[in-house]
Amino acid sequence: MECSRGERLSITLAKNRINRAPERLGKAKVEVDIFELLRDSEYETAETMCQILPKGVVAVLGPSSSPASSSIISNICGEKEVPHFKVAPEEFVKFQFQRFTTLNLHPSNTDISVAVAGILNFFNCTTACLICAKAECLLNLEKLLRQFLISKDTLSVRMLDDTRDPTPLLKEIRDDKTATIIIHANASMSHTILLKEFSLQRMDSLVDDRVNILGFSIFNQSHAFFQEFAQSLNQSWQENCDHVPFTGPALSSALLFDAVYAVVSAVQELNRSQEIGVKPLSCGSAQIWQHGTSLMNYLRMVELEGLTGHIEFNSKGQRSNYALKILQFTRNGFRQIGQWHVAEGLSMDSRLYASNSSDSLFNTTLVVTTILENPYLMLKGNHQEMEGNDRYEGFCVDMLKELAEILRFNYKIRLVGDGVYGVPEANGTWTGMVGELIARVRKGQGSAPAKGGREVGGRQVVLYVCF
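Next up, the structure:
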């Protein structure tokens, strides 16, 4: 059986949860018919819609992909004044005139572009490379591209070819010494690109102190039903797709779940003022659904908290007043380090923001060159049983831990080979800690002395971090 995104199950879960709610006792039950589009065909989609309309519907949801099919559905729903919920990314640049009957739960291309630009600005990324899996990427991120055009920043664009092998592109990016990469692709291709990049950089895994992997999430994990929703999808996946690991709920599944709730919420409110009912329609007649315009107005007034966060729409039917979580990939999984809100913009963790204003060390690794000296840095009594930084204790070690926590950097303590601070040699070089520091700076490697300060010719060379 082919592994699915759990969209059928998510719709069923939404329907059953609504129908079983105590406040729904004695009221009409929610019914959902599911039609599967076997391919992205305008003709077949039109035929399917002509089979749906005679049943009488209050709304059409989806599809989660298939841009041509989605366009046909929007047009037919517009003619019949039946609400249509989109849950897929915009495949092309947004048209100026969107059907009044169409609403889109998925974050818009413009919003995503602005969010990406905000993160690049926060981390002071003036040079970046955009990897596109599809040509439409340039239209989808048009606002981001325009921002680079009007600024002094540099953005190069690389397009995957028909082989779908990112290796040639990543080698070009490496040769250009571009440190920031933006990936516009689905989850599977993004994972492939990241694995290939780490392989080229000779890194062991996706978790490396030298790399900062960020992503967006719109999931509302504090929602009362989220854990049960995720477990249900996971169980279904294990039963049908046990040969492939479950990586979490698909966004389209959660958006369809929320779409069902949005429609039911609007119908309930409209029913307070007028009793509505479905009406069989036909593709061959000019009849429209008489309650469609009223329902669309009520849908634009919907406000609820769903599996994908706050749900609200603007007058154009685009999702509004919502936030994207900014996640960072760590050894312990993803952690939230900030959020981007449609109205309020970017807000990052206060400690990150404070460090960013003074040349942030965030997510970098410092090699701390030092020597053993009480009480600043000492070997623990059982240091033979330990590895890395855990072998050491002392005032400098405690200070490093505090600084690393505040400024969010990593560090590796390394003892100087000859165990001395350093003195100048006749040939102009230095021994000891000072010599290692100078050698690393010349090689372009980051390092910091844990303790220093040496009188040289009556002049103080200040190398202190914690003393």
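With the UniProt record's numbering as the guide, the letters of the sequence shown map in order to residues 1 to 467.
Where a beta carbon is used, it is the ideal one built from N, C-alpha and C, also for glycine.
What you are looking at is a predicted structure, and each value in this text was computed from that prediction instead of being measured.
Under the rule that 16 or more other beta-carbon atoms within 10 Å means buried, what is residue i, buried or exposed?
| i | result |
| --- | --- |
| Asn-16 | exposed |
| Ser-69 | buried |
| Ala-230 | buried |
| Asn-427 | exposed |
| Arg-20 | exposed |
| His-383 | exposed |
| Ser-151 | exposed |
| Pro-424 | exposed |
| Leu-377 | buried |
| Pro-168 | exposed |
| Asn-104 | buried |
| Met-159 | exposed |
| Gly-338 | buried |
| Gln-227 | exposed |
| Val-263 | buried |
| Asp-398 | exposed |
| residue 473 | Given a span of 1 to 467 for the chain in the structure shown, any question on residue 473 remains unanswerable. |
| Met-420 | In the sequence on display, residue 420 carries Val and not Met. So Val-420 counts as exposed. |
Please state whether the Cβ-Cβ distance between residue i and residue j is less than 9 angstroms.
| i | j | result |
| --- | --- | --- |
| residue 505 | Ala-266 | Nothing about residue 505 can be reported from this structure: the residues present for the chain run from 1 to 467 only. |
| Ser-282 | Leu-53 | yes |
| Gly-417 | Glu-387 | no |
| Thr-308 | Phe-219 | yes |
| Trp-340 | Ser-350 | no |
| Leu-256 | Leu-61 | yes |
| Ala-343 | Ser-320 | yes |
| His-243 | Gly-306 | no |
| Lys-143 | Thr-110 | yes |
| Phe-100 | Thr-293 | yes |
| Val-278 | Ile-18 | no |
| Leu-200 | Leu-170 | yes |
| Ser-156 | Thr-126 | no |
| Pro-63 | Leu-37 | yes |
| Lys-412 | Leu-366 | yes |
| Ile-276 | His-291 | yes |
Taking residue i as the reference, which of the options has the closest Cα?
| i | options | result |
| --- | --- | --- |
| Pro-89 | Gly-118, Ala-21, Ser-252, Gly-56 | Ser-252 |
| Asn-124 | Glu-79, Asp-161, Thr-180 | Thr-180 |
| Asp-153 | Ala-117, Arg-164, Pro-107 | Ala-117 |
| Thr-330 | Phe-257, Lys-316, Arg-408, Ala-14 | Arg-408 |
| Val-58 | Val-114, Leu-37, Cys-137, His-84 | His-84 |
| Leu-9 | Ala-262, Ala-135, Pro-249 | Pro-249 |
| Asn-80 | Ile-288, Leu-415, Cys-396 | According to the sequence displayed, residue 80 carries Lys and not Asn. With distances taken between Cα atoms, Lys-80 lies closest to Ile-288. |
| Arg-5 | Val-157, Val-82, Ser-232, Leu-155 | Ser-232 |
| Ser-41 | Val-32, Val-30, Lys-29, Ser-65 | Ser-65 |
| Gly-317 | Met-189, Ser-108, Glu-7, Lys-380 | Ser-108 |
| residue 476 | Phe-148, Lys-134, Met-399 | Lying outside 1 to 467, the shown extent of the chain, residue 476 is not represented and no answer is given. |
| Glu-136 | Glu-7, Pro-67, Asn-234, His-310 | Pro-67 |
| Arg-164 | Gln-336, Tyr-421, Ser-188, Gln-147 | Ser-188 |
| Asn-410 | Gly-56, Thr-429, Asn-212, His-106 | Asn-212 |
| Pro-375 | Thr-247, Thr-364, Cys-396 | Cys-396 |
| Phe-122 | Ala-286, Leu-400, Phe-313, Gly-345 | Gly-345 |
| Val-30 | Thr-45, Glu-44, Thr-12 | Thr-12 |
| residue 479 | Gly-56, Gly-432, Phe-334, Val-302 | Examination of residue 479 is not possible in this model, given that the chain is present from 1 through 467 alone. |
Per DSSP, which one or two residues make a beta bridge with residue i?
| i | result |
| --- | --- |
| Arg-414 | Thr-369 |
| Gln-339 | Lys-325, Ser-347 |
| Phe-85 | Leu-61, Leu-103 |
| Leu-130 | Val-157, Ile-182 |
| Pro-424 | Trp-430 |
| Arg-319 | Phe-313 |
| Thr-330 | Gly-333 |
| Phe-246 | Per DSSP, none; premise fails for Phe-246. |
| Met-301 | Paired residue(s): none; Met-301 is not in a bridge. |
| Gly-292 | BP columns for Gly-292 are empty, so no partner. |
| Gly-215 | Leu-327 |
Using 8 angstroms as the cut-off, can you tell me whether the stretch 386-398 makes contact with the stretch 364-378, which would need three or more C-beta pairs spanning the two stretches below that distance? yes
Any contact of the stretch 237-246 with the stretch 321-328, i.e. 3+ C-beta pairs under 8 angstroms? no
Is the stretch 125-134 touching the stretch 178-190 in the sense that three or more CB pairs, one from each, lie closer than 8 angstroms? yes
Quick check: the stretch 18-27 against the stretch 42-57, are there 3 or more CB pairs under 8 angstroms? no
For the stretch 69-78 against the stretch 267-278, do three or more pairs of beta-carbon atoms, one drawn from each stretch, fall closer than 8 angstroms, so that the two count as touching? no
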